[in-house]
Amino acid sequence: MTLPGVVSEDELIPISSMISSSHSLIDIIHWLELFKHYYSQVFVGKEFPKPKVILSDRAQIFLCAALKVWSNEKMHEFLDRSYRIVNGDATNEDLQLTNIHACMAHVLIDTRRTINKFIIKEYRELAIWSIALLINRCTWIEFKRNWQIICLVFLQIHLGEKHIKQKY
52 MTLPGVVSED ELIPISSMIS SSHSLIDIIH WLELFKHYYS QVFVGKEFPK
102 PKVILSDRAQ IFLCAALKVW SNEKMHEFLD RSYRIVNGDA TNEDLQLTNI
152 HACMAHVLID TRRTINKFII KEYRELAIWS IALLINRCTW IEFKRNWQII
202 CLVFLQIHLG EKHIKQKY
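Final position of the sequence shown in the working numbering is 219; the numbers increase by one with none missing.
Printed below as a string of structure tokens:
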């Protein structure tokens, strides 16, 4: 676990780590709760700072534990809340809870593997940039609009422009 540096927020400072032969949900939750407990021993009377965002390597077990410890949520509750947020229907409480983000590099590595299986070499870079464009959207409306543009581009590549502009 890291926090932004005090002098420069570009530097990350490690504040805790866990080495375990068991990576169960209960073990991760225990580690996070223990970390919070020791914080309260060092900073008596101070509430543990609640992170706005948790960035993870996509380890599902860590994401679930972080949601439980910092927002008292299960994954399906987080997904419901996320849906409200991206559709502009978020409550004040929705916006106060911790959000989880998967590391873009880890997502794109997995995406690249899939793209390499199904997309010919000539279009792989365009495909990976298209996925990155979708991932970096903040609202569902932006996502849908970019998805339409990406589909149009790939259809034009596949069928040719004369087929796309055809009116039926």
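A virtual CB, placed ideally from N, CA and C, is assigned to each residue, including glycine.
- The three-state secondary structure of Asn167, taken from DSSP, is helix.
- Between the segment 114–122 and the segment 74–85 there are three or more C-beta pairs closer than 8 Å, enough to call the two in contact.
- Nearest to Leu177 by C-alpha distance, out of Val137, Thr190, Arg109 and Thr162, is Thr162.
- In the DSSP assignment, Ser133 falls within the alpha helix (DSSP H) that extends over Met126 to Val137.
- An exposed status is given to Arg196, since fewer than 16 other beta-carbon atoms sit within 10 Å of its beta-carbon.
- 9 Å or more divides the Cβ of Ile151 from the Cβ of Phe169.
- Judged by pairs of C-beta atoms under 8 Å, the segment 136–145 does not touch the segment 84–102, as fewer than three such pairs exist.
- Secondary structure note for Leu83: its alpha helix (DSSP H) is the uninterrupted segment Leu76 to Val93.
- Ser181 carries a helical assignment under DSSP once its states are collapsed to helix, strand and coil.
- The beta carbon of Thr149 sits closer than 8 Å to the beta carbons of Lys101, Pro102, Lys103, Val104, Ile105, Ala117, Leu118, Trp121 and Ser122 from its chain, once the five residues preceding and following it are set aside; these are given in chain order.
- Counting along the chain, Leu210 sits inside the alpha helix (DSSP H) bounded by residues Trp191 to Leu210.
- Around the beta carbon of Leu83, 16 or more other beta carbons sit within 10 angstroms, so the residue counts as buried.
- Between the alpha carbons of Leu206 and Cys154 lies a distance of about 30 Å.
- Counting along the chain, Ala153 sits inside the beta strand (DSSP E) bounded by residues Asn150 to Ala153.
- Taking the Cβ atoms as the reference, Ile112 lies roughly 6 Å from His74, within the contact range of under 8 Å.
- Counting other Cβ atoms within 10 Å of its Cβ, Glu62 stays below 16 and is therefore classed as exposed.
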